[in-house]
Amino acid sequence: MGDFKKTSVDTTSTTDDSKGVKHQGYKLEFSEDEETLTARMFSLVGERWSLIAGRIPGRTAEEIEIYWTSRNASSNR
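For my numbering, count along the sequence shown from 1 and bump the result up by 975.
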């Protein structure tokens, strides 16, 4: 596949997700392909993170949700 451009989402501040789980101090890096697939899957299935994660090898539903909400939080305000 070759080299992929990586996008980082900085989660250094403590945030609460919808399940009350705290995430603190780490970065998620997604390749351009992962970003595109996440966006396409989200438009098809919505917030069904486990379905989206099932299409992206090596990603958990929690990572997908954190990435998506972190990346899109400013556009929701």
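All C-beta atoms, glycine included, are put in the ideal place defined by N, C-alpha and C. Source: prediction; values computed, not measured.
- Contact between I1039 and T1013 is confirmed by a C-beta separation of about 6 Å, below the 8 Å threshold.
- DSSP places E1040 within a helical segment (H, G or I) once states are collapsed to three.
- For the set F1005, T1044, S1006 and D1008, the Cα lying nearest the Cα of W1024 is the one of T1044.
- Counting of Cβ neighbours within 10 angstroms places R1034 among the buried residues, the total reaching 16 or more.
- Excluding five sequence positions before and after V1020, the CB atoms of its chain that fall closer than 8 Å to its own CB belong to L1026 and I1027, given in chain order.
- When the Cα atoms are used, I1031 and A1048 turn out to be separated by approximately 22 Å.
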